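Peer 1:
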Amino acid sequence: MDGVKNTAFQLDESQLSRFWEKVIKQDGDKCWEWSGSRSQQGYGKFGVKRIPQQAHRISYEIAFGPFDAKMCICHKCDNPPCVRPDHLFLGTHQENTRDMIRKRRMASDGLNFKLSASDVLKIKELAERGAIPFDIAKAFLVTRTCVMGILKGKRRSACSLDKPGQEIGGDKIE
Ligand SMILES: [Zn+2]
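Quick note on my numbering: the sequence shown kicks off at 6 and runs consecutively.
1. Ligand 1 heavy atoms versus the CB of N84: any closer than 6 Å?
2. Please report the straight-line C-alpha distance between A136 and I128, rounded to a whole angstrom.
3. Would you grab the beta carbon distance between V88 and S64 for me? Rounded to a whole angstrom, and I think it's under 8 Å.
4. Extract the residue ranges of the alpha helix (DSSP H) inside the segment 8-43, only unbroken runs of 4 or more that lie entirely within it.
5. List the endpoints of the continuous alpha helix (DSSP H) containing I56.
6. Measure the alpha-carbon distance for R149 versus P85 and round it to whole angstroms.
7. Between K54 and L126, what straight-line distance do the alpha-carbon atoms span, to the nearest angstrom?
8. State the DSSP-derived secondary structure class of L95, mapped to helix, strand or coil.
9. Is C36 near ligand 1, with its Cβ less than 6 Å from a heavy atom?
10. Given this structure, state the Cα-to-Cα distance separating D140 from L146, to the nearest angstrom.
11. Nearer than 6 Å: is that true of the beta carbon of R134 relative to any heavy atom of ligand 1?
12. With A74 and P90 assumed to form a contact (beta carbons below 8 Å), what rounded beta-carbon distance in angstroms separates them?
13. Between which two residues does the beta strand (DSSP E) holding I78 run?
14. Give a single yes or no on whether H98 has its beta carbon closer than 6 Å to a heavy atom of ligand 1.
15. Just to confirm my understanding: we take P71, look at its own chain, exclude 5 residues before and 5 after, and list those with CB closer than 7 Å. What are they?
16. Taking the straight line between their C-alpha atoms, what separation do you get for G96 and H61?
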């Protein structure tokens with residue numbers, strides 16, 4: 006029985022009131038931002054049984070019930086500290102990454118930008134889970150050489166985004 010392992014934050018009454026105390030709710034469609042401590046990536050942090058957890062994941066569980074713990078809770082609003090349930094959706098890590106890159110790339114209007122520190126962590130994490138450099142490169146829109154460089158400990162400044170039309174997985178690095 007290797008079934009799905011669901012999240013089990015299951016906050017009790019007092020944890021729930023502690024949780025919502027840290028959320029700044031706003032009217033309309035605006036984000037509800039976490040006012041407590043945040044991770045490097047900007048996600049809210051909340052300790053459950055002394056283990057720090059991501060606040061938006063907890064919020065999703067409160068609203069919609071336990072979910073597959075391997076799945077990612079993504080932000081429709083692209084705002085990491087937001088914990089508003091209807092701004093969140095369940096996705097795979099790959100969907101999350103593609104979504105993030107698509108939005109960021111649109112925002113950057115075609116300018117080259119380097120991988121962020123959290124991209125580098127994600128690349129390493131994916132590789133540890135057995136993803137091959139070619140697939141990681143496709144997900145992050147960088148070259149395979151870039152991914153292999155990152156995995157060998159090269160600086161992320163050595164990587165640039167693929168230019169449109171450049172073959173993904175190619176060996177060209179600028
Ligand atoms: Zn939001």
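Quick reminder that beta carbons are idealized off the backbone N, C-alpha and C, glycines included. Given the structure is predicted, the values throughout are model-derived calculations rather than measurements.
Peer 2: Checking against the coordinates, here is how it stands:
1. Residue numbering aside, residue 84 sits at position 79 when the sequence shown is read from its first letter. Yes.
2. What you label residue 136 is simply residue 131 of the sequence shown in a count that begins at 1. What you label residue 128 is simply residue 123 of the sequence shown in a count that begins at 1. Their backbone Cα atoms lie some 9 Å apart in a straight line.
3. In the sequence shown, the residue the question calls residue 88 occupies position 83. In the sequence shown, the residue the question calls residue 64 occupies position 59. About 4 Å; that satisfies the 8 Å criterion.
4. With a minimum length of 4 residues, the continuous alpha helix (DSSP H) runs that stay inside the segment 8-43 are 18-26.
5. The count along the sequence shown starts at 1 and reaches residue 56 at position 51. No alpha helix (DSSP H) contains I56, which is instead part of the beta strand (DSSP E) from 56-59.
6. The count along the sequence shown starts at 1 and reaches residue 149 at position 144. The count along the sequence shown starts at 1 and reaches residue 85 at position 80. Cα-Cα distance, rounded: 28 Å.
7. Start at 1 with the first residue of the sequence shown, and residue 54 comes out as number 49. Start at 1 with the first residue of the sequence shown, and residue 126 comes out as number 121. About 26 Å.
8. Counting from one through the sequence shown, the residue named residue 95 turns up at place 90. Strand, per DSSP.
9. Along the sequence shown, read from residue 1 onward, the residue named residue 36 stands at position 31. Indeed, a heavy atom of ligand 1 lies less than 6 Å from the Cβ.
10. Indexing the sequence shown from 1 puts residue 140 at position 135. Indexing the sequence shown from 1 puts residue 146 at position 141. Cα-Cα distance, rounded: 10 Å.
11. The residue labelled residue 134 in the question sits at position 129 within the sequence shown. Answer for R134: no, Cβ out of range of ligand 1.
12. Within the sequence shown, the letter at position 69 stands for residue 74. Within the sequence shown, the letter at position 85 stands for residue 90. For a cut-off of 8 Å, the C-beta gap from A74 to P90 is around 18 Å, too long to register as a contact.
13. Mapped onto the sequence shown, residue 78 falls at position 73. Going by DSSP, I78 is part of the beta strand (DSSP E) stretching over 77-80.
14. In the sequence shown, residue 98 corresponds to position 93, counting from 1. No, the Cβ of H98 stays beyond 6 Å of every heavy atom of ligand 1.
15. What you label residue 71 is simply residue 66 of the sequence shown in a count that begins at 1. Counting only Cβ-Cβ distances below 7 Å, and skipping sequence neighbours, we find N11, T12, A13.
16. Counting from one through the sequence shown, the residue named residue 96 turns up at place 91. Counting from one through the sequence shown, the residue named residue 61 turns up at place 56. Cα to Cα, G96 sits roughly 13 Å from H61.
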